[in-house]
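By the working numbering, the letter at position 139 of the sequence shown is numbered 215, and the numbering carries on one by one without gaps.
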Amino acid sequence: MKKRILISLGVSIIILFSSPVFGGSEDIGNTFYGMGAGANVTNPNLGVTFIGTNAGYNHTTGIANTFLGYYAGYSNTTGYGNIFLGYISGYYNTTGERNTFLGNFTGRSNTTGGYNTFLGHYAGYENTTGAVNTFVGNYTGRGNTTGMHNTFVGYGSGYSNTIG
């Protein structure tokens with residue numbers, strides 16, 4: 077059976093392939109595309125989408141996650157409601173929930189921090205357990221590790237903040 081995925085990046089591209097795709101298993105309600113994507117998913121019907129080499133590789137049971145990019149969400153196991161878009165975005169996230177990381181290396185070190193929004197190249201890069209933060213702009217909050225309830229907007233703002 078052929079499946080059809082439509083990816084639109086200014087130009088429409090239709091990719092046809094046979095199941096199962098390069099990683100994960102053929103679960104109804106889940107989408108995997110890329111070598112090793114969703115390789116360890118154990119439950120069907122999680123509503124997860126993993127696209128990219130090793131995206132969501134260690135994921136087991138978390139629900140409603142979308143990881144798009146090379147190694148995006150690689151370490152996630154049970155974290156849920158996350159959106160990681162970009163090269164190595166959310167790489168170390170394991171159980172963090174309801175995070176939105178958009179941009180290369182965003183939230184890379186986040187492990188258990190939740191309810192964060194990081195937009196921009198390297199935004200929230202060192203964040204590990206910090207929660208309820210909003211970082212908008214390249215390198216914003218890059219050094220933040222455990223700081224909570226912070227809002228940084230603009231290139232490099234909050235770059236050296238760690239725990240505040």
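Quick reminder that beta carbons are idealized off the backbone N, C-alpha and C, glycines included.
Asked                                                                                               : Found
Beta bridge counterpart(s) of Y109 as assigned by DSSP                                              : I127
According to DSSP, residues forming a beta bridge with F181                                         : BP columns for F181 are empty, so no partner.
Collapsed DSSP secondary structure at L122 in the structure displayed                               : coil
At least 3 beta-carbon pairs within less than 8 Å: the segment 174 to 191 vs the segment 227 to 238 : no
Per-residue burial, Y231 [other beta carbons within 10 Å of its own, 16 or more giving buried]      : exposed
I239 vs T216 beta-carbon contact at 7 Å                                                             : no
Buried or exposed by the 16-neighbour rule on C-beta atoms within 10 Å, applied to G149             : buried
Simplified DSSP state of V229, which is helix, strand or coil                                       : strand
DSSP bridge partner residues for I159 (one or two, in chain order)                                  : T142, T176
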